[in-house]
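First comes the structure, then the notes that go with it.
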C-alpha cells in the first residue's frame with residue numbers, strides 16, 4: 003500500500019519505494035571506484051537475497067464503488083492480457099526421425115523457437131495411446147468477464163483487472179526494481195554476469211522464487227526482465243514455486259495452531275483498537291453504511307486497501323477519505339490487527355521460523371564454500387507479500403509499525419573480510435572473545451562427523467547487512483560492539499550475531515509440523531496481501 007508522498011516510504015508511481023537509496027552507478031564502467039561506496043571497505047560481497055513485495059495491484063474486493071472516481075472494475079491491467087502458454091500438440095512427425103528433431107530445435111538460441119510456436123525443451127514422443135505428441139506454445143489473449151445488473155455476462159474492456167491482479171503500474175515498479183538490481187550488481191559491482199547463463203538451477207549464480215499467487219509470479223517476471231533484459235538471457239528463465247504446505251515465504255495458513263493464535267490476537271486487537279476508529283464514524287458511515295471496525299463488515303483493512311490502491315494509481319477519492327490523519331488512524335488499527343500476533347514467540351516461530359531457517363542455511367552453505375566449488379549462488383530474488391516483509395521485520399525485532407508499501411524490499415547481504423591475513427572469528431578482535439566459539443567451530447557444527455576427519459581450514463570473518471527499502475536496519479542482536487563491524491553503528495552484523503537472532507525463532511520443517519497441531523477446530527483466515 004503506497005502512494006507518492008507517503009511519509010515513511012515516499013516514492014513515485016511506477017518506482018520501488020526509496021528507489022534513490024538503492025545504489026546505482028554514478029558512472030558506469032568504473033566499477034572499482036563506484037563499488038567502494040556500497041561495499042564497506044575491507045569487505046567483499048559474497049551473496050545477496052532480496053525479498054520483494056509484489057507491485058501495485060487492484061483491490062482484492064469491490065468496495066466504495068461510485069465514490070469519487072472509484073470504479074466498479076479497475077481498468078489498470080492492459081499489459082497482462084496477451085501471453086503464451088505451453089500446450090500439448092498432435093504432430094504427424096515420427097519422433098525417431100531427424101526431421102522432427104530439426105523442426106523442434108529451430109536455431110541455437112533456445113528462446114528463438116518461442117516465436118515459431120515450438121517448445122525448446124521437448125522433442126516429439128509417442129504417448130501410451132500411440133499418438134505422436136509434442137509441446138508447443140499457444141499465443142492467447144485473456145479477457146475479464148463481468149456480470150451485469152441483469153445477471154448477464156459482458157466482456158468489459160481489455161484492461162479490466164481481476165481482483166488482486168498486478169496492474170500495469172505494478173509491472174513498471176517491479177521492472178524498475180529489477181533494473182536497479184542490474185545497475186547495482188552487474189554494472190556497478192560486477193558481482194553478476196551481464197548475461198544470465200543457461201544453467202541448471204543448482205549451478206546458476208541467481209535463484210528466483212515466488213509464492214504461488216499470480217501477482218507475485220508476474221512481479222518476479224518483471225524483476226527478471228529488468229535485471230536481465232531481452233538480449234541478456236542465454237536461455238529460458240528458471241524460477242521456483244513451492245507446494246502450499248511447504249510455502250514459507252509468508253505466514254502459512256495451513257498451520258492450524260498459527261491460525262488459532264492469530265484469531266486470538268485479532269480479537270484482542272479489535273477490543274483494544276476499535277475505540278480508536280469511533281471518531282471516524284461521522285466521516286466513514288456515509289460510505290460504509292455501518293461503523294467501520296477491525297472486525298466489522300466491511301472490515302477496516304478492506305477499506306484501507308481500496309483507498310491505498312486508489313492513491314497509488316492516482317484515482318480520485320472523496321477528499322475526506324484521502325485525509326492523512328484518517329488514513330493514519332486506519333492504518334494504525336489495521337497494523338495492530340495483522341501484526342500484534344508477533345508479540346508471542348510461538349506465533350513468530352510458526353509464521354517465519356522455517357523461512358529464516360532456510361535463509362541461514364543458505365548463508366552457512368555459502369560461507370563453507372568460499373571458492374564456490376558447489377555453491378554458485380550469488381543473488382536470490384523472492385517475490386512475496388506485505389505479510390512476508392512484515393513477518394521478517396517482526397521476527398528480527400525491527401518492525402517500524404507501518405504497512406509495507408507495494409514493491410517494498412528487504413535485502414540481506416553476506417560479506418567476507420577481504421583481508422587475506424584475517425581468518426579468525428570477528429569476536430577475536432575483542433578482549434572477551436575467548437569465551438565465544440569461532441566461526442569455524444560454528445559452521446562445522448552443521449557438518450556430518452565423517453567430513454571432519456581432518457581439521458577444517460580457517461574461515462574468514464563474515465558479516466550480514468540488512469536494508470529495508472534502501473534504509474539500513476539496526477538489529478537489536480547486533481547492538482553490542484562485539485556484534486557488528488567497527489564503525490558500522492550496528493548496521494553490519496557479525497554473522498554469529500545475525501545467526502543468533504535467527505536461532506531465536508527458526509524451526510525445521512518437522513518442528514513446524516509438530517507445532518502446528520491443535521485439538522480444536524479454528525476458523526481459517528487467509529492473510530496474504
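Residue numbers (the numbering used here): 3 to 531.
All residues carry an ideal CB built from backbone N, CA and C; glycine is no exception.
Note that this is a predicted model, so its numbers are computed, not measured.
Here the alpha carbon of residue 316 sits roughly 9 Å from the alpha carbon of residue 15.
Of the residues assessed, residue 154 falls on the exposed side of the cut-off, its CB having fewer than 16 other CB atoms within 10 angstroms.
Between residue 88 and residue 125, the C-beta spacing is not below 9 Å. Taking every protein chain shown into account, the CB of residue 165 has fewer than 16 other CB atoms within 10 angstroms, so this residue is exposed. Residue nearest to residue 485 within the set 473, 229, 474 and 501 is 501 (criterion: CA-CA distance). Fully enclosed beta strand (DSSP E) runs of no fewer than 3 residues are not present anywhere in the segment 211-279. In the displayed model, residue 137 falls within a strand according to three-state DSSP. Proximity to residue 179 across 56, 373, 475 and 377 peaks at 56, based on C-alpha coordinates. Taking C-beta separations shorter than 7 Å and ignoring five residues to either side along the sequence, the partners of residue 318 in its chain run 70 and 71, following chain order. The three-state secondary structure of residue 415, taken from DSSP, is strand. Residue 184 and residue 241 have their C-alpha atoms some 18 Å from each other. If the five residues before and after residue 419 are omitted, its C-beta is found closer than 6 Å to the C-beta atoms of 462 and 463, all from its own chain and listed in chain order. As computed with DSSP, residue 390 is found in no beta bridge at all. Nearest in C-alpha terms to residue 157, of all of 309, 25 and 145, is 145.
For residue 414 against residue 225, the beta-carbon gap comes to about 16 Å, at or over 8 Å, which does not count as contact. From the listed residues 163, 336 and 77, the smallest Cα separation to residue 270 is found for 336. Taking the C-beta atoms as reference points, residue 468 is found nearer than 9 Å to residue 493. For residue 161, there is no enclosing beta strand (DSSP E), as DSSP gives it neither H nor E. Note on residue 245: under 16 other CB atoms within 10 angstroms of its CB, so exposed under the neighbour-count rule. Counting along the chain, residue 312 sits inside the alpha helix (DSSP H) bounded by residues 302-314. In the displayed model, residue 401 falls within coil according to three-state DSSP, outside both helix and strand. Contact between the segment 357-369 and the segment 181-200 is absent, with fewer than three C-beta pairs closer than 8 Å.
In this structure, residue 81 and residue 152 do not form a Cβ contact; the two beta carbons are roughly 31 Å apart against a cut-off of 8 Å.
A Cβ-Cβ contact shorter than 9 Å links residue 91 with residue 137. No Cβ-Cβ contact shorter than 9 Å links residue 210 with residue 380. Scanning its chain for C-beta atoms nearer than 7 Å, with the 5 sequence neighbours on each side dropped, one finds around residue 149 the residues 155, in chain order. The secondary-structure analysis by DSSP pairs residue 410 with nothing; it has no beta-bridge partner. Using a 10 angstroms sphere on the CB of residue 396, the tally of other CB atoms reaches 16 or more, which defines it as buried. For residue 143, the secondary structure class from DSSP, reduced to helix, strand or coil, is strand.
If the five residues before and after residue 23 are omitted, its C-beta is found closer than 6 Å to the C-beta atoms of 472, all from its own chain and listed in chain order. Residue pairing from DSSP leaves residue 518 without any beta-bridge partner. Residue 325 is not a Cβ neighbour of residue 278, given a cutoff of 9 Å. Here the alpha carbon of residue 190 sits roughly 54 Å from the alpha carbon of residue 291. A check of alpha carbon separations from residue 258 across 353, 221 and 300 identifies 353 as the nearest. For residue 13, there is no enclosing beta strand (DSSP E), as DSSP marks it with neither H nor E.
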